[in-house]
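Input: a single structure, listed below in structure tokens.
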Ligand SMILES: Nc1ncnc2c1ncn2[C@@H]1O[C@H](COP(=O)(O)OP(=O)(O)O)[C@@H](O)[C@H]1O
Ligand SMILES: [Mg+2]
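Chains as they are written, first to last, in my numbering: chain A, 1 to 242; chain B, 1001 to 1307.
This is the structure in structure tokens:
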């Protein structure tokens, strides 16, 4: 299978803090790969480095775009990543509260010039999240937490990415909504998108992942298929509360 | 008299508003008070002076060149003085802004000399309008208006100003770069994540603000027909007050703030001529008043501090 993203020996420092210590991971085309771990383990730092939001990290991040061209992502600005087909729905949703739902989605498509296709992707997002269609003219800040999360995912989809990265999409959602959001993630994956999913909700993430990495204080502790990790005694003890 | 004062105030207020819009846009995006903004206004005025009076170019061409030149200067200020400090503490950019402002004023003294120069106005702008032929005198008297002496410039200044602000609002609220501007004003990082080249959008913001300031400078030079290197200081200051008064970050607020300031200034002097020495103080009284009553300004929203 083709490797879409290959991270080798990633190291990130914040001032004197060595937050990510040699993380390596690879993502195959069409997979859902999840990165789980406790709060502060370095999951967001890793995913943000891939998106170009972290400056001055060590290690290599290699991406293979839809056309099969290999690109080194190191030291490129985030706007380049979007153009190459990587989108991130950031932790805490970060939707723009003063813009309408539709404007938030249009912002997600900022780098695109294909108007007709963009319009059809907007339709696609509205079909995926019918509640967003109902609220298309409403300010983002007036949406409920769950709707904001849907908007954040929809907005990331609007760039028509090949690799969709989601940082804790279940954060702060009621259990029923978590199920709904994960169902949609699976649906998006089935339609052909490769997904990197960062989660604290290990059970939900492992149940839909083809491959999983557990991060502990900045380093990869365990990795395997979602199935394997669900059975792994260390993972069960530490993250699944079993 | 009243009609004259009205147009006077409208013109002055519209010019304050035009300058204020530039302050408010840059502040909205970068939380930076661009002190050099008043000096871009000055440059616009000088450029039109040199183009039309020194080099005798036609006015239309001179205005276009002056706006282009001042816009370029505004872009350079952003590129040289602000962009390298984007990640630095905000106070650094503020100090840089003050430095640029002093630099431009003193450069003006060196290059243009400190001597004020008279602007010769095109006659079409200053020949009094034949009001008596349009509106019969009896009408004016019936309305207790009396004889009115208006020059076309007094009408052109507010009309052009409002048109320009309308175009600006269209850009900000209806176009893609405008969407990016509004997004950046809340969350730069997320906007970059959406594929927006933030530095380019910020440059566009400076370009638009500078073009409007240059236009204001040109019209100012026509109204008080002269130019001098420090001419941007007081209007710049008052426009800044107008921006705060209207609610910093809000474009309609800046325009309304400018108009209110223009009316307060002209009308207070018209009705209380003995207070005319305090003319400039009114702006500050207005500022203190709004800061006490509604610190976010008339149309301002609460701005969360950026982390
Ligand atoms: N911008 C930052 N500045 C300083 N420290 C940071 C910053 N971002 C993250 N950290 C630190 O790096 C470590 C990893 O954080 P993070 O990547 O957010 O972990 P996670 O997403 O797994 O909770 C934490 O100790 C956190 O405090
Ligand atoms: Mg995190």
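Even glycine gets a Cβ: it sits at the ideal position worked out from N, Cα and C.
Sub-8 Å separation of residue i and residue j beta-carbons
{"i": "residue 1018 of chain B", "j": "residue 1207 of chain B", "result": "no"}
{"i": "residue 45 of chain A", "j": "residue 17 of chain A", "result": "no"}
{"i": "residue 179 of chain A", "j": "residue 145 of chain A", "result": "no"}
{"i": "residue 95 of chain A", "j": "residue 52 of chain A", "result": "no"}
{"i": "residue 197 of chain A", "j": "residue 166 of chain A", "result": "yes"}
{"i": "residue 142 of chain A", "j": "residue 162 of chain A", "result": "no"}
{"i": "residue 953 of chain B", "j": "residue 1044 of chain B", "result": "One cannot answer for residue 953 of chain B here, as it falls past the ends of chain B, which runs 1001 to 1307."}
{"i": "residue 1040 of chain B", "j": "residue 1181 of chain B", "result": "no"}
{"i": "residue 1077 of chain B", "j": "residue 1227 of chain B", "result": "no"}
{"i": "residue 1081 of chain B", "j": "residue 1092 of chain B", "result": "no"}
{"i": "residue 1225 of chain B", "j": "residue 1149 of chain B", "result": "no"}
{"i": "residue 26 of chain A", "j": "residue 9 of chain A", "result": "no"}
{"i": "residue 181 of chain A", "j": "residue 138 of chain A", "result": "no"}
{"i": "residue 1 of chain A", "j": "residue 29 of chain A", "result": "yes"}
{"i": "residue 63 of chain A", "j": "residue 54 of chain A", "result": "no"}
{"i": "residue 1003 of chain B", "j": "residue 1205 of chain B", "result": "no"}
{"i": "residue 103 of chain A", "j": "residue 1179 of chain B", "result": "yes"}
{"i": "residue 1249 of chain B", "j": "residue 1195 of chain B", "result": "no"}
{"i": "residue 1229 of chain B", "j": "residue 1109 of chain B", "result": "yes"}
{"i": "residue 1211 of chain B", "j": "residue 1071 of chain B", "result": "yes"}
{"i": "residue 107 of chain A", "j": "residue 1183 of chain B", "result": "yes"}
{"i": "residue 1199 of chain B", "j": "residue 1083 of chain B", "result": "yes"}
{"i": "residue 239 of chain A", "j": "residue 36 of chain A", "result": "yes"}
{"i": "residue 125 of chain A", "j": "residue 88 of chain A", "result": "no"}
{"i": "residue 105 of chain A", "j": "residue 155 of chain A", "result": "yes"}
{"i": "residue 206 of chain A", "j": "residue 183 of chain A", "result": "no"}
{"i": "residue 1066 of chain B", "j": "residue 1051 of chain B", "result": "yes"}
Residues bridged to residue i (per DSSP)
{"i": "residue 1274 of chain B", "result": "Paired residues: none, contrary to the question."}
{"i": "residue 224 of chain A", "result": "A:212"}
{"i": "residue 199 of chain A", "result": "A:36"}
{"i": "residue 10 of chain A", "result": "A:23"}
{"i": "residue 18 of chain A", "result": "A:13"}
{"i": "residue 3 of chain A", "result": "A:28"}
{"i": "residue 219 of chain A", "result": "A:216"}
{"i": "residue 194 of chain A", "result": "A:163"}
{"i": "residue 1226 of chain B", "result": "B:1118"}
{"i": "residue 139 of chain A", "result": "A:100"}
Buried versus exposed call for residue i [16 or more other C-beta atoms within 10 Å across all chains shown]
{"i": "residue 1001 of chain B", "result": "exposed"}
{"i": "residue 69 of chain A", "result": "exposed"}
{"i": "residue 231 of chain A", "result": "exposed"}
{"i": "residue 1278 of chain B", "result": "exposed"}
{"i": "residue 1307 of chain B", "result": "At residue 1307 of chain B, the pLDDT of 31 sits below 50, so the modelled position is not reliable and the matter cannot be decided from this model."}
{"i": "residue 1023 of chain B", "result": "buried"}
{"i": "residue 234 of chain A", "result": "exposed"}
{"i": "residue 1281 of chain B", "result": "exposed"}
{"i": "residue 1009 of chain B", "result": "buried"}
{"i": "residue 78 of chain A", "result": "buried"}
{"i": "residue 1161 of chain B", "result": "buried"}
{"i": "residue 118 of chain A", "result": "buried"}
{"i": "residue 120 of chain A", "result": "exposed"}
{"i": "residue 1159 of chain B", "result": "exposed"}
{"i": "residue 199 of chain A", "result": "buried"}
{"i": "residue 90 of chain A", "result": "buried"}
{"i": "residue 1291 of chain B", "result": "exposed"}
{"i": "residue 66 of chain A", "result": "exposed"}
{"i": "residue 123 of chain A", "result": "exposed"}
{"i": "residue 1220 of chain B", "result": "buried"}
{"i": "residue 1284 of chain B", "result": "exposed"}
{"i": "residue 1304 of chain B", "result": "Low confidence applies to residue 1304 of chain B: its pLDDT is 46, below 50, so where it sits in the model is not reliable, and the reading given next is rough at best. Exposed."}
{"i": "residue 1289 of chain B", "result": "exposed"}
{"i": "residue 147 of chain A", "result": "buried"}
{"i": "residue 1055 of chain B", "result": "exposed"}
Distance cut-off 7 Å: residue i Cβ against heavy atoms of ligand 4
{"i": "residue 187 of chain A", "result": "You won't find ligand 4 in this model; what it holds is ligand 1 and ligand 2."}
Q.
Runs of 4 residues minimum, wholly inside the stretch 27 to 73 of chain A: which ones carry the alpha helix (DSSP H) assignment?
A. With a minimum length of 4 residues, the continuous alpha helix (DSSP H) runs that stay inside the stretch 27 to 73 of chain A are 43 to 51.
Q.
Threshold first: 4 residues or longer. Then list the alpha helix (DSSP H) segments lying entirely within the stretch 1155 to 1224 of chain B, N to C.
A. For the alpha helix (DSSP H) assignment, the uninterrupted runs of no fewer than 4 residues enclosed by the stretch 1155 to 1224 of chain B are, from N- to C-terminal side, 1176 to 1184, 1188 to 1193, 1198 to 1223.
Q) Of all residues in the structure, which have a C-beta closer than 6 Å to any heavy atom of ligand 1, taken in chain order? A) That query returns the following residues: A:14, A:17, A:19, A:37, A:39, A:40, A:41, A:42, A:43, A:44, A:45.
Q. Considering only residues of the stretch 69 to 123 of chain A, which uninterrupted beta strand (DSSP E) runs meet the minimum length of 3 residues and lie entirely inside it, listed in chain order?
A. Qualifying beta strand (DSSP E) stretches, in chain order: 70 to 72, 86 to 89.
(Q) Please give me, in chain order, every unbroken run of the beta strand (DSSP E) with length at least 3 that falls completely inside the stretch 145 to 183 of chain A. (A) You should have 163 to 167.
Q | Entirely enclosed alpha helix (DSSP H) segments - the stretch 1087 to 1118 of chain B, minimum 4 residues | A | Within the stretch 1087 to 1118 of chain B, the complete alpha helix (DSSP H) runs of at least 4 residues are 1090 to 1112.
Q. Where are the alpha helix (DSSP H) runs, 4 residues long or more, that stay fully inside the stretch 1230 to 1304 of chain B, in chain order?
A. Whole alpha helix (DSSP H) segments, 4+ residues: 1233 to 1246, 1251 to 1271, 1279 to 1293.
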